[in-house]
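Encoded as C-alpha cells, the structure appears first; notes follow it.
2 protein chains.
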Amino acid sequence: MGHEVLAGVLQIRDGRLQVLLWQRAREPHLHRWSLPGGRLAATEDVETSIRRQLAEKVDVHKLTHVEQLAVFSDPDRVPGHRVVATAFLGLVPSDTDPEVPADTRWHAVDELPETAFDHHRIVLAARERLRAKLSYTNIGFALAPAEFTISELRRLYSAALGYQVAATNLQRVLARRGVLQPTGRTVPAGPAGGRPPALFRFTSRDLQVTDPFAVFRPPSGSVG
Amino acid sequence: MGHEVLAGVLQIRDGRLQVLLWQRAREPHLHRWSLPGGRLAATEDVETSIRRQLAEKVDVHKLTHVEQLAVFSDPDRVPGHRVVATAFLGLVPSDTDPEVPADTRWHAVDELPETAFDHHRIVLAARERLRAKLSYTNIGFALAPAEFTISELRRLYSAALGYQVAATNLQRVLARRGVLQPTGRTVPAGPAGGRPPALFRFTSRDLQVTDPFAVFRPPSGSVG
DNA sequence: CCAAAAGTGTTTCCTGTACACCCATGA
DNA sequence: TCATGGGTGTACAGGAAACACTTTTGG
Numbered sequence: 002m003g004h005e006v007l008a009g010v011l012q013i014r015d016g017r018l019q020v021l022l023w024q025r026a027r028e029p030h031l032h033r034w035s036l037p038g039g040r041l042a043a044t045e046d047v048e049t050s051i052r053r054q055l056a057e058k059v060d061v062h063k064l065t066h067v068e069q070l071a072v073f074s075d076p077d078r079v080p081g082h083r084v085v086a087t088a089f090l091g092l093v094p095s096d097t098d099p100e101v102p103a104d105t106r107w108h109a110v111d112e113l114p115e116t117a118f119d120h121h122r123i124v125l126a127a128r129e130r131l132r133a134k135l136s137y138t139n140i141g142f143a144l145a146p147a148e149f150t151i152s153e154l155r156r157l158y159s160a161a162l163g164y165q166v167a168a169t170n171l172q173r174v175l176a177r178r179g180v181l182q183p184t185g186r187t188v189p190a191g192p193a194g195g196r197p198p199a200l201f202r203f204t205s206r207d208l209q210v211t212d213p214f215a216v217f218r219p220p221s222g223s224v225g
Numbered sequence: 002m003g004h005e006v007l008a009g010v011l012q013i014r015d016g017r018l019q020v021l022l023w024q025r026a027r028e029p030h031l032h033r034w035s036l037p038g039g040r041l042a043a044t045e046d047v048e049t050s051i052r053r054q055l056a057e058k059v060d061v062h063k064l065t066h067v068e069q070l071a072v073f074s075d076p077d078r079v080p081g082h083r084v085v086a087t088a089f090l091g092l093v094p095s096d097t098d099p100e101v102p103a104d105t106r107w108h109a110v111d112e113l114p115e116t117a118f119d120h121h122r123i124v125l126a127a128r129e130r131l132r133a134k135l136s137y138t139n140i141g142f143a144l145a146p147a148e149f150t151i152s153e154l155r156r157l158y159s160a161a162l163g164y165q166v167a168a169t170n171l172q173r174v175l176a177r178r179g180v181l182q183p184t185g186r187t188v189p190a191g192p193a194g195g196r197p198p199a200l201f202r203f204t205s206r207d208l209q210v211t212d213p214f215a216v217f218r219p220p221s222g223s224v225g
C-alpha cells in the first residue's frame, strides 16, 4: 500500500483562479492532466514531501502558503495497487510567473481539462478551502504581491471567490481587522487618468485567523 | 510504510468534554492511554476503516458524526517502522452510555492521562475542530439527545466550548438560523420547582453549515 | 473643464449580547 | 406566596453592505 502527496497549487492569473497541472505522458490516463506531487519517502513527513516535490515544478520560494486539505483513500482511486493520497492547497502570489516544465501548464479552475484519477475533486476541495479562509483569515497575503493597490486586491478576491467584491468594503473590513497597512506611498494613475492609488501591504505574511468566533463568543474579558 | 486510522471520540459526560481512550497492554508505551483505531485494510477507504474499527469499542450506531481531521506523518511519530495516521473526530450524544471494553475508559479532555505517541495532539485537534464547528454549523445535534431542553443544550455547549454560554442567546441564535425546532411538548420541572421547560429538537441531524460567510458575502441574490 | 479612477462619509440592516422582566411550577 | 428555574421583550453595540459624495489625477 503506497502513499502519495498531491497539491492543488492556485494562483490568480489573467483575473482568473488557475491551478497548476501537468500532462501525463504514460498510461494510465495518458494525456490527462494531473496534480504535481509524488510518492511519500520514508524519512519525510507529508508537508516536507509535498514541498520537495513541488520544488521540481515551481520555484518553492514563490509558494507563499501550503496547508493540508484531506486524505483521499478510495481503494479504486487509482488503477493497480492501492495508493492513499494526502492532498494539499498551495498558493502563489499573482505577481510571479514561475518557470514551469514543458509538460506543465496553468488551467482555469472553472474550466478544467480532463483530469487524471480523482484530481478534479482535489482541485475543487482546494478552491473551497481558499474561499472559506478568505472570509475569516488573512490568507489574501498569499495571493497578493508584497505591495498592492486596493483595486488590485479587489480583483484578486473577486477572482478567487467567484463573485464581485466591492473595493470600498474590502478595504474597510480588512483595515478594521488590522490585516491591511497603508505604506504611505502611491502609484501613478493609469492611462485613463484617475486618482493615483495608494499602496498597501498585509500586516503579517503568516496565516492568522482574524475572525475566530462566528458566534458564541466567550464573554468579553475571558480566556479560551 | 503502514497506514493507520485513529479517532478522537468525544462526548459530554458529567458536564465535561471527554474522550474515549484505551490502555495499552504492551510495549511500546506500556500502560499509556491511546486512541481507538488500527491499520487501514487494503479494500476500505479511511472513513470505512475508522467506522469498522470503532465498532469494536463503541456501538457504531451511537456515533452521530464522524469527520476527517488531518494526517499525522512525522517519520518518528511511532517507534519502529514508519506509520502514517489519518485522524478523525467522532461524536456521541450525551444521553447514551455505550458499553466499552474493560481496557477502555472516558477521560476529561482537559485532564488527559499520559497518552501514547502523538495521541495527545490528536485529541486537542479534535477538540479544536468541534469548538470551531459549534460556531458556524449545526454540529450540536451530534452532542445532544434527540430531544432536549435549552438548559441541557446550554450545558452541552458550555462544556464543549470551555466557557459559559447564555441560554437566552443560545436559543435565539440557533432559532434564527433555523437549526432548532420546538416540539411543542414540555417536561416536568425539577425537584426545586420552576417553570417546566419546553422540549426542542434539531431541524436536521446531518451536518450543515449555517453561517457560511463570515464576511465578503456574495451580493444578495447571487449564486456562488 | 470633463471623464475616470480612488477613496471617504453616511446610512441602513442584521446579528449577537446584555439584562430586565414576566411565566409556570413545587413546596 | 415565595423561591426557583424557564422563557420573552427590549435596548444596545459592532460589523458589514450599499451608495452618495469628494478627491486627485490625465487629457
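Protein sequence lines correspond, in order, to chains A and B.
If you count the first sequence from 1, position 213 lands on 214 in this note's numbering, and the numbers rise without skipping.
If you count the second sequence from 1, position 77 lands on 78 in this note's numbering, and the numbers rise without skipping.
Glycine included, C-beta positions come from ideal geometry on N, C-alpha and C.
Interface residues of chain A facing residue i [CB-CB closer than 8 Å]
i: P76 of chain B; result: A43, T44, E45, D46
i: T169 of chain B; result: Simply none; closest approach about 13 Å.
i: T65 of chain B; result: Simply none; closest approach about 20 Å.
i: Q69 of chain B; result: A71, V72
Any non-hydrogen atom of the ligand FMN closer than 8 Å to residue i Cβ
i: Q172 of chain B; result: This structure does not include the ligand FMN; it has no bound ligands of any sort.
Partners in chain A for residue i, counting only beta-carbon separations shorter than 7 Å
i: T87 of chain B; result: V72
Contact list for residue i against chain B, beta-carbon separation under 7 Å
i: L162 of chain A; result: F217
i: H4 of chain A; result: M2, H4, V85
Of the residues the options, the one placed nearest residue i, counting alpha carbons only
i: I123 of chain A; options: A:A88, A:T150, A:D96; result: A:A88
i: A86 of chain A; options: A:K63, A:K58, A:S95, A:I51; result: A:I51
i: G81 of chain A; options: B:P94, B:S205, B:P99, B:A43; result: B:A43
i: N139 of chain A; options: A:E153, A:D111, A:V180; result: A:V180
i: T169 of chain B; options: B:G163, B:L162, B:R177; result: B:R177
i: D60 of chain B; options: B:P99, B:W23, B:L22; result: B:P99
i: A190 of chain B; options: B:Q182, B:P183, B:L200, B:T184; result: B:L200
i: A133 of chain A; options: A:V110, A:D111, A:Y158; result: A:Y158
i: V47 of chain B; options: A:Q24, A:K58, A:F73, A:A26; result: A:F73
i: D212 of chain B; options: A:V84, A:Q172, A:S136, A:T204; result: A:S136
i: G3 of chain B; options: B:D75, B:W34, B:T187; result: B:D75
i: E148 of chain B; options: B:T187, B:A26, B:G16; result: B:T187
i: D207 of chain A; options: A:T184, A:G195, A:F142; result: A:F142
i: P37 of chain A; options: A:R14, A:W23, A:T49; result: A:W23
i: Y164 of chain A; options: B:R106, B:D119, B:F217; result: B:F217
i: L41 of chain B; options: A:V84, A:G195, A:R14; result: A:V84
i: Q209 of chain A; options: A:L175, A:T184, A:K58, A:E153; result: A:L175
i: R14 of chain B; options: B:K58, B:D96, B:V166; result: B:D96
Element boundaries [beta strand (DSSP E), containing residue i]
i: V67 of chain A; result: 66-73
i: I13 of chain B; result: 3-14
i: H108 of chain B; result: 105-109
i: R17 of chain B; result: 17-24
i: A199 of chain B; result: 199-203
i: R186 of chain B; result: 181-187
Closer than 8 Å at the beta carbon, the chain B residues around residue i
i: V59 of chain A; result: Ordered by position in chain B, no residue passes the 8 Å Cβ test against V59 of chain A, which lies about 22 Å from the chain.
First through last residue of the alpha helix (DSSP H) which encompasses residue i
i: L171 of chain A; result: 168-177
i: A88 of chain A; result: Where A88 of chain A is concerned, there is no enclosing alpha helix (DSSP H), although the beta strand (DSSP E) it sits in stretches over 84-92.
i: L36 of chain B; result: It is not in any alpha helix (DSSP H) - L36 of chain B carries neither H nor E in the DSSP assignment.
i: L162 of chain B; result: 151-162
i: R53 of chain A; result: 47-55
i: R122 of chain B; result: 120-137
Presumed contact (8 Å Cβ cut-off) between residue i and residue j, rounded CB distance
i: G39 of chain B; j: V67 of chain B; result: In fact, because the Cβ distance is near 15 Å, the residues do not count as touching under 8 Å.
i: L92 of chain A; j: L55 of chain A; result: Contact flag wrong, Cβ pair sits at about 11 Å.
i: H62 of chain A; j: A117 of chain A; result: Wrong, their Cβ atoms sit about 28 Å apart, outside the cutoff.
i: H108 of chain A; j: P114 of chain A; result: 6 Å
i: A127 of chain A; j: G9 of chain A; result: 3 Å
i: T150 of chain A; j: P94 of chain A; result: Contact flag wrong, Cβ pair sits at about 15 Å.
i: Y11 of chain B; j: L131 of chain B; result: Here residue 11 of chain B is Leu; the residue named in the question, Tyr, does not match the sequence. That belief holds up - the Cβ atoms of L11 of chain B and L131 of chain B are roughly 6 Å apart, short of 8 Å.
i: L90 of chain A; j: L70 of chain A; result: 5 Å
i: D104 of chain B; j: A193 of chain B; result: Not quite, the Cβ-Cβ distance comes to about 40 Å (not below 8 Å), so this is no contact.
i: Q182 of chain A; j: T204 of chain A; result: 5 Å
i: R156 of chain A; j: G16 of chain A; result: 6 Å
i: D119 of chain A; j: R78 of chain A; result: 5 Å
* Asked: Can you list, in chain order, the residues of the segment 14-35 of chain B whose Cβ is nearer than 9 Å to any Cβ on chain A?
  -> Residues: none.
* Using a Cβ-Cβ cut-off of less than 7 Å, give me the residues of the segment 166-191 of chain A that come near chain B, in sequence order. => V166, V174
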